[in-house]
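Quick notes on the structure that follows.
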Amino acid sequence: MQAKVLNSIFITFTLFLSVIAIAYAEDPLSFNPVKGYEFLASKNENGKYENVITTAIVALAFKDVGATAHAEQAFAWLKSQEDITQHCWPKGNCKSKDTAFAIWALNEFGENTDAGEEYLKSALIPALQRNWYLEIVTTNSGSCRISYPGPNGREEETIQVEAGTFPQCTAATTNTFFDLNQCLRIRDVVATRSSVDFDINCADLGASSIISIIYNTQNSYSLVQQATTDRYQAVINNGCFSDVSTTNTCSKDASLFTNWILAQVAASTNVEIWLKTVYDPLKPLDNALFALAAKETTSTYISNLIKAQRNDGSFNNDVHETVFAMLALKKSGSTTELNAATEWLKTKQQSDGSWENVQNTALALYSAFTNVPVSLPAPNFNGPNGAPSCGDEICSGDETVFTCPQDCETISSVCNENSACEAAAGEDSDNCSADCYCGDQICDDYERSTNACATDCGNDQPAEFCGDDVAEGTEECDGADDSTCPGLCTSSCSCEVEESGGVGKWLLMIFIFLLLAAAGFFYVRNKGKGSSKPAGKTTQEYRPFTSQMEKTQTQQPKWNMPSSSGSSLKTKIEDDLDKSLEEAKKLLKKL
Numbered sequence: 001m002q003a004k005v006l007n008s009i010f011i012t013f014t015l016f017l018s019v020i021a022i023a024y025a026e027d028p029l030s031f032n033p034v035k036g037y038e039f040l041a042s043k044n045e046n047g048k049y050e051n052v053i054t055t056a057i058v059a060l061a062f063k064d065v066g067a068t069a070h071a072e073q074a075f076a077w078l079k080s081q082e083d084i085t086q087h088c089w090p091k092g093n094c095k096s097k098d099t100a101f102a103i104w105a106l107n108e109f110g111e112n113t114d115a116g117e118e119y120l121k122s123a124l125i126p127a128l129q130r131n132w133y134l135e136i137v138t139t140n141s142g143s144c145r146i147s148y149p150g151p152n153g154r155e156e157e158t159i160q161v162e163a164g165t166f167p168q169c170t171a172a173t174t175n176t177f178f179d180l181n182q183c184l185r186i187r188d189v190v191a192t193r194s195s196v197d198f199d200i201n202c203a204d205l206g207a208s209s210i211i212s213i214i215y216n217t218q219n220s221y222s223l224v225q226q227a228t229t230d231r232y233q234a235v236i237n238n239g240c241f242s243d244v245s246t247t248n249t250c251s252k253d254a255s256l257f258t259n260w261i262l263a264q265v266a267a268s269t270n271v272e273i274w275l276k277t278v279y280d281p282l283k284p285l286d287n288a289l290f291a292l293a294a295k296e297t298t299s300t301y302i303s304n305l306i307k308a309q310r311n312d313g314s315f316n317n318d319v320h321e322t323v324f325a326m327l328a329l330k331k332s333g334s335t336t337e338l339n340a341a342t343e344w345l346k347t348k349q350q351s352d353g354s355w356e357n358v359q360n361t362a363l364a365l366y367s368a369f370t371n372v373p374v375s376l377p378a379p380n381f382n383g384p385n386g387a388p389s390c391g392d393e394i395c396s397g398d399e400t401v402f403t404c405p406q407d408c409e410t411i412s413s414v415c416n417e418n419s420a421c422e423a424a425a426g427e428d429s430d431n432c433s434a435d436c437y438c439g440d441q442i443c444d445d446y447e448r449s450t451n452a453c454a455t456d457c458g459n460d461q462p463a464e465f466c467g468d469d470v471a472e473g474t475e476e477c478d479g480a481d482d483s484t485c486p487g488l489c490t491s492s493c494s495c496e497v498e499e500s501g502g503v504g505k506w507l508l509m510i511f512i513f514l515l516l517a518a519a520g521f522f523y524v525r526n527k528g529k530g531s532s533k534p535a536g537k538t539t540q541e542y543r544p545f546t547s548q549m550e551k552t553q554t555q556q557p558k559w560n561m562p563s564s565s566g567s568s569l570k571t572k573i574e575d576d577l578d579k580s581l582e583e584a585k586k587l588l589k590k591l
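Be aware that the sequence shown starts at 1, since it is given in our numbering, and climbs by one per residue.
Next up, the structure:
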């Protein structure tokens with residue numbers, strides 16, 4: 001019977017371990033995109049999130065998930081950082097990459113980006129100063145007229161072509177190449193410009209001519225442009241971007257990201273020619289950003305990107321690189337690879353809801369998790385480190401009409417007279433009586449704070465507005481007003497409740513395990529006490545054989561009748577143990 005009981009305990013313990021494994025696998029705390037948005041909201045400083053680039057990404061993440069108030073506040077801060085003279089970001093220290101991300105946000109929010117694009121065009125620096133060649137493949141002989149920009153307007157020259165050779169130009173290594181830097185009247189036309197256009201008119205040679213632009217460095221020749229025509233408008237984008245506007249050194253990082261965003265907003269400027277000279281086909285970020293900038297959805301870049309994906313779904317086991325790879329995979333429709341990367345990304349969320357830092361968190365959410373319902377408290381207007389600044393009715397310091405409307409906005413700018421009370425935009429019965437009034441079925445801020453309109457806000461209880469630090473109506477708590485559950489107020493203004501996969505489940509399982517262990521130990525212990533035989537082998541006292549015979553002959557038969565008290569004790573223990581097992585099984589079924 002003891003073996004049977006111990007076997008039951010073993011089976012129950014196995015079930016217990018299985019429940020632990022299931023609970024661990026289904027733990028709701030392991031991934032929760034809403035916590036990511038809550039993490040972002042907690043890093044808000046009057047709409048600022050670290051810097052221009054991070055704030056732009058955060059604004060887009062909030063916008064796409066529907067957190068409009070947070071998105072608009074971040075976007076407002078972004079606009080406040082524009083250098084209004086040069087139309088670049090951040091003011092006082094303009095950078096190409098920062099300006100590009102700001103332009104991306106402007107475009108997504110429906111704003112005009114022309115001024116920012118013009119700044120980026122002016123920020124280009126000449127990149128490739130080696131050999132730029134013109135090639136004309138033809139069997140005919142004649143002339144071509146070439147016009148190009150000069151210091152005093154357009155220049156035009158006539159060059160002779162004899163069956164694809166250039167007898168007047170000897171600067172190139174072969175007479176089938178015309179050196180655009182050395183063989184024109186204006187020298188270094190391409191080398192000294194970030195962008196230059198040529199009008200090449202070869203009508204004298206016929207329409208079957210193949211006109212090509214070729215770049216050469218050492219033993220490498222790159223075909224930049226080509227067309228079969230008698231007249232060709234060639235634009236050579238020989239530029240790159242630097243990290244800061246004060247240097248003339250090309251930056252691969254700044255050029256990669258700026259080139260991608262310029263393609264996003266359909267700008268004519270690009271730096272692909274220089275980027276191709278530093279492109280690494282083994283780097284996921286290179287392939288991802290080239291693929292994002294490409295017009296076609298399928299390309300060599302996507303193929304190289306897919307080859308670089310690891311077995312776990314990531315790219316270089318790096319959140320930043322994986323996110324941009326996911327954006328490229330989404331554009332190309334590579335569903336299988338995208339899903340694998342998304343699953344890996346879920347495992348990298350940290351306990352505070354972040355992915356390492358604010359920027360990576362915003363990128364992760366923007367790339368894959370904007371289709372979740374999110375309810376956040378209204379954004380705060382506190383200064384850095386929690387020091388109150390916005391809301392003191394004084395428009396001062398860095399506050400603007402965008403970053404702190406309640407201090408800097410005038411009544412006329414708040415009130416948009418359109419016969420609709422736009423309470424979310426700040427209109428109320430006090431500052432916009434033309435649109436808001438008692439009886440318009442909208443409980444605005446003024447009516448709520450003064451209890452001035454029971455018709456709109458109700459008689460029985462104040463109107464609910466989650467995020468105003470006042471527990472109203474059916475709200476269990478609201479931000480700082482959390483007396484019913486200190487420190488446990490959620491973004492939906494309800495007290496935090498332990499979920500079935502949380503601490504309560506673990507405590508319950510531990511209790512069941514301890515109960516089973518105690519029952520088993522109690523049974524074995526009492527079983528051991530019921531035996532009167534010593535545990536080891538004993539040595540009998542020596543007696544003569546005859547005395548043993550006499551005792552045997554006179555000994556009365558004995559029947560091994562069970563003791564009634566022992567039986568009762570054993571039955572009681574078994575019954576108690578069976579009951580414990582049954583209760584344990586019932587509890588396990590409820591988990």
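Heads up, the beta-carbon is just placed ideally off N, CA and C, and yes, glycines get one too.
I need the DSSP call for residue i, collapsed to helix, strand or coil.
i	result
I200	strand
T592	Residue 592 cannot be examined here, being either before or after the span of the chain that is shown, 1 to 591.
T85	coil
Y446	helix
S147	strand
N431	coil
S500	For S500, the predicted model reports a pLDDT of 41, less than 50, meaning its position is unreliable and no value from the coordinates is stated.
P557	Confidence is the limiting factor: at P557 the pLDDT is only 44, short of 50, which leaves the residue's position unreliable, though a coordinate-based value still follows. If DSSP states are grouped into helix, strand and coil, P557 belongs with coil.
F39	helix
G153	strand
N93	coil
E117	helix
D478	strand
N131	strand
E111	coil
C457	helix
D98	helix
N357	strand
P544	Any reading at P544 must be qualified, since the residue scores a pLDDT of 48, below 50, and its modelled position is unreliable; no value is offered.
D188	coil
K295	coil
K283	coil
F62	helix
T322	helix
P33	helix
Using alpha carbons as the reference points, say which of the options lies closest to residue i.
i	options	result
A368	A71, A341 and A420	A341
Y437	A424, L134, D456 and A378	D456
P33	A76, Y366 and S268	Y366
Q129	L180, A328 and N51	L180
C432	S449, Q359, N270 and V414	V414
N44	C489, C183 and N380	N380
E117	H87, E38, K91 and C94	H87
G110	Q441, V265 and A191	V265
D188	W344, N238, C495 and N287	N238
Q160	S143, A171 and V323	S143
A126	S251, D444 and H320	The identity of residue 126 in the sequence shown is Pro, whereas the question assumes Ala. For the residues S251, D444 and H320, the minimum Cα distance to P126 belongs to S251.
E233	W132, S222, C202 and S220	The sequence shown places Gln at residue 233, rather than the Glu named in the question. Q233 has its Cα closest to that of C202, out of W132, S222, C202 and S220.
T174	I186, W132, W344 and R193	W132
With hydrogens ignored, establish whether the beta-carbon of residue i is closer than 7 angstroms to any heavy atom of the ligand HEM.
i	result
V65	This structure lacks the ligand HEM, and indeed carries no ligand of any kind.
What are the residues that DSSP puts in a beta bridge with residue i?
i	result
V161	G142
V137	I210
E50	According to DSSP, E50 bridges with nothing at all.
P126	G239
E45	K48
F178	L134
C489	C495
Segment contact, 8 angstroms Cβ cut-off, at least three pairs: the segment 241-249 with the segment 188-200: no
In chain order, what are the residue ranges of uninterrupted beta strand (DSSP E) at least 3 long that sit wholly in the segment 208-259? 210-217, 220-228 and 231-236
Evaluate the contact criterion for the segment 200-213 versus the segment 221-228: three or more CB pairs, one atom per stretch, below 8 angstroms. Contact holds: three or more Cβ-Cβ distances are below 8 angstroms.
Using 8 angstroms as the threshold, is the segment 289-306 in touch with the segment 248-255, meaning 3 or more CB pairs across them? no
When the Cβ atoms of the segment 268-276 are set against those of the segment 307-318, are three or more pairs found closer than 8 angstroms? no
Is it the case that the segment 439-453 contacts the segment 94-111, given that we only count it when at least three CB pairs across the two stretches are under 8 angstroms? Using a C-beta cut-off of 8 angstroms, the segment 94-111 makes no contact with the segment 439-453, since fewer than three inter-stretch Cβ pairs fall below that distance.
Taking contact to mean at least 3 C-beta pairs separated by less than 8 angstroms, is the segment 48-59 in contact with the segment 99-110? yes
How do the segment 352-364 and the segment 317-327 stand: do at least 3 beta-carbon pairs fall below 8 angstroms, yes or no? Yes, since at least three Cβ pairs between the segment 352-364 and the segment 317-327 fall closer than 8 angstroms, the two stretches touch.
Count the C-beta pairs between the segment 62-81 and the segment 217-226 that are closer than 8 angstroms, then say yes if the count reaches three, no if not. Short answer: they don't touch.
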